[in-house]
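If you're matching positions, the sequence shown starts at 163 in this note's numbering and goes up one per residue.
Working notes for the structure below.
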Amino acid sequence: MAGTALERFTERLAGELEAQRREGRYYTPNIISGTQGPRITMDGRECVNLCANNYLGFAQDPAIIAAARAALDRYGFGLGAGRVVCSMEIHQELERRLAAWKRRAAVLVCQTGYDTNLAAIATLAAEGDVIISDAANHASIVDGSRLSRAERRIFPHADMDGLETVLRETQSAPARFIITDGVFSMDGDIAPLPAIVALAERYGALVYVDDAHGDGVLGERGTGIVEHFGLHGRVAIEMGTLSKALGGVGGFVATEQTVRDYLYQRSRTFMFSTGHLPPAIAAGLIAALDLLQAQPERPRRLWENAAFFRDGLRRLGFDTGVSATPIIPVLVGEAERAMALGRALRAAGVYVQAFAYPVVPRGAARVRCIVSAAHTQADLEEALAAFAGAGKTLGML
Ligand SMILES: Cc1ncc(COP(=O)(O)O)c(C=O)c1O
C-alpha cells in the first residue's frame, strides 16, 4: 500500500471535498469585520446582510451589550464547571425568566440549540417509544433522534394524512413524540401545529416543537408558535434557541417540571460537558427578554420588513416558495445557478447564502434571505435592486 495511513486517509477526504467543489456546494469562509448587523463589512466592503438569524437586531443592541459587560465584571469570564457541579445564580434567573416568558412550569438551558435537541430527544425518547418526525426537520432533530434508542418514523413534510397513518400504525408504543420544526429554516413556512396537536390528542401522542425560528418572531408577544396559534397547555415540549432572535448563544427546553428534572438528571450532553453559557451571555439574554417585552414594536417591524421584501421579490418575478415568515428563499433549481446568484449579489453588495443538496433536496437549490427588524427600508430597496440586476444578468427574470 502506497503512503502512510494518514496520507491515504487525507487523500480520501481530499477526493470527497473535490467532488463537493465540482458540484458547486463547497463553502468558502465568509469573514465579517466589525459587528453583526443589518449591514456588515465583509472582505473590506460594506454590504446589506440578508444572512443572519438576528431577527430583532439584538446581536448588536447597546442595552444588551451593557448588561453583558456588567455581568462580566460581576461574575467573571467563565463558568469553569458543568451546570450540575455549579450553576451560577444568573443561569437560574435566566431559566426562571424564560419559563415565565414561555408561560411554562420550567426551563432547562443547554449549550446551544443543536445540543438542546440532542439532549432532549435522545434522553426523553426511550427504547420502545416512537419518534415521529417531519421529513423537513432540522439536522439537530435528526441527530437527536439517531442518538435515541426509540424507533424513528418520518412523515412527508407537513402532511397530516401521512402523520395520521404513522399514528395509526404505532398505537402500542408506550410514548410517541411528534416532532416538528415550528418554522422550517430552509423554506420559511410555518408548521400546521393546530392540526398536529389535534391528531396528537386524538391518538394520545406528545408534541415536541422546535421553535428556533419562532422565538421572538411569532405571536403577539413574540413568544413563539404556541402563542401564534393559541395552543398554550397543549404542547408537551417547546424547544428554543438563544442564538437567533435573542441574539446570544444557547438553547432551552420549556416544559413541565418533571420533564425538566429528568433532563437535568439524565441528559448526557448537558451533564458531561463543562461548556456552558458564560455568565455575561446569560445576563445579555435576560436583557434581551426585557427589551422584547419593552419594545413590542420590534417583532412588528420585522413582519413589516419581511412582507415588504417578499412582495418585492415576487413582483420582480422570483419564486419565494411557501415562505410565510422572515425566512425568504429564492428558489432557482440547480446548485450552480444558486451559487452564481449568490456570487452576483455579493458582487453587488448584498450578502446572501446559497444552499444546495444535501441541505435542501436536489433540484431545489436556492439563495436564502433572512430579514431583520433592524433593516431599514433603504437597505431592503438596495437589496431588491441588486436582485433585479443579478436576476436579469443571469437570465432568471
Ligand atoms: C430549526 C432549528 N433548530 C435548531 C437549530 C440549532 O440551534 P443553534 O443554532 O442554537 O445551535 C437551528 C439552527 O439553525 C434551527 O434552524
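The C-beta atom is built at its ideal place from N, Cα and C for all residues, glycine as well.
Next on the checklist: Can you find the residues in the same chain that come closer than 8 Å, C-beta to C-beta, to D423, ignoring five residues on each side of it along the sequence?
Outcome noted: A268
Item to check | Check whether V512 and V292 have beta carbons under 9 Å apart | outcome: no
Checklist entry - Roughly how far, in whole angstroms, is the beta-carbon of G376 from the beta-carbon of I387, given that I think they are within contact range, below 8 Å? => result 4 Å
Checklist entry - Quick one: what does DSSP say Y370 is sitting in, helix, strand or coil? => result Residue state, collapsed to three classes: strand.
Checklist entry - When the Cα atoms are used, what is the spatial distance from V411 to L546? => result 30 Å
Next on the checklist: Quick check: does the Cβ of T570 come within less than 8 Å of any heavy atom belonging to ligand 1?
Outcome noted: The structure shown does not extend to residue 570, since the chain is modelled only from 163 to 559, so the question has no answer here.
Next on the checklist: Which residue marks the beginning of the beta strand (DSSP E) containing R383, and which one marks its end?
Outcome noted: From DSSP, R383 is part of no beta strand (DSSP E); its letter is neither H nor E.
Item to check | Expected contact under 8 Å - CB spacing of L507 and A468 to nearest Å | outcome: No, L507 and A468 are not in contact; Cβ-Cβ is about 18 Å, not under 8 Å.
Checklist entry - Taking all protein chains shown into account, do 16 or more other C-beta atoms lie within 10 angstroms of the C-beta of L559, making it buried, or fewer, making it exposed? => result exposed
Next on the checklist: For ligand 1, I want to know if V411 counts as a neighbour, meaning its beta carbon is within less than 8 Å of at least one of the ligand's heavy atoms.
Outcome noted: yes
Item to check | Alpha carbon of R364 to alpha carbon of Q333, nearest angstrom | outcome: 11 Å
Item to check | Inter-residue Cα distance where the pair is I193 and A450 | outcome: 25 Å
Checklist entry - Got a sec, what are the start and stop residues for the alpha helix (DSSP H) F517 sits in? => result Taken as a continuous stretch (DSSP letters only), F517 belongs to no alpha helix (DSSP H), being part of the beta strand (DSSP E) at 515–517.
Next on the checklist: According to DSSP, simplified to helix, strand and coil, what is A545?
Outcome noted: helix
Checklist entry - Taking 8 Å as the cut-off, does the CB of L270 come closer than this to any heavy atom belonging to ligand 1? => result no
Next on the checklist: If the criterion is Cβ atoms closer than 9 Å, does the pair A214 and S485 meet it?
Outcome noted: Contact flag unset, no.
Item to check | Spatial neighbours of G196 in its chain, beta-carbon cut-off 6 Å, leaving aside the 5 residues before and after | outcome: T203
Checklist entry - Taking the alpha-carbon positions, what's the G244 to R308 distance? => result 25 Å
Item to check | Host alpha helix (DSSP H) of F470 (start-end) | outcome: 459–478
Next on the checklist: Check whether the stretch 219–226 and the stretch 441–459 touch, using three or more Cβ-Cβ pairs below 8 Å as the test.
Outcome noted: yes
Checklist entry - Per DSSP, G402 is paired with what? => result F414
Next on the checklist: Buried or exposed for Y217, going by 16 or more other Cβ atoms inside 10 Å?
Outcome noted: buried
Next on the checklist: When you compare the stretch 382–399 with the stretch 250–268, are there three or more beta-carbon pairs, one atom per stretch, that lie closer than 8 Å?
Outcome noted: By the Cβ test, the stretch 382–399 is in contact with the stretch 250–268, since at least three Cβ pairs between them sit closer than 8 Å.
Checklist entry - Tell me the DSSP bridge mates of R528? => result L493, F517, per the DSSP bridge assignment.
Next on the checklist: On a Cα-Cα basis, can you pick out the residue from A353, I283, N279 that is closest to A297?
Outcome noted: For A297, the closest of A353, I283, N279 by C-alpha to C-alpha distance is A353.
Next on the checklist: One question on the structure: do V529 and G557 come within less than 9 Å of each other, judged by their Cβ atoms?
Outcome noted: no
Item to check | Beta-bridge pairing of D296 - partner residues as DSSP gives them | outcome: F317
Next on the checklist: Just list the residues that DSSP pairs M204 with in beta bridges.
Outcome noted: Per DSSP, I194, R207.
Checklist entry - Is the closest heavy atom of ligand 1 to the C-beta of S347 under 8 Å? => result yes
Checklist entry - So is the beta-carbon of K264 under 8 Å away from any non-hydrogen atom of ligand 1? => result Not under cutoff, so the answer is no.
Item to check | Whole-Å CB distance - N279 paired with D372, under 8 Å assumed | outcome: That pair is a contact at about 7 Å.
Checklist entry - What's the gap between the Cα of R184 and the Cα of L425? => result Near 43 Å, if we compare the C-alpha coordinates of L425 and R184.
Checklist entry - Helix or strand or just coil, what does DSSP make of R268? => result In the sequence as displayed, the identity of residue 268 is Ala instead of Arg. Note: A268 maps to strand in three-state DSSP.
Checklist entry - Any idea if Y276 is buried or exposed, counting beta-carbon neighbours within 10 angstroms, 16 or more meaning buried? => result buried
Checklist entry - Tell me which same chain residues have a C-beta within less than 6 Å of the C-beta of A126, skipping the five on either side of it? => result Only positions 163 to 559 of the chain appear in the structure, and residue 126 is not among them; the question remains open.
Checklist entry - For F339, does the three-state DSSP call read helix, strand or coil? => result strand
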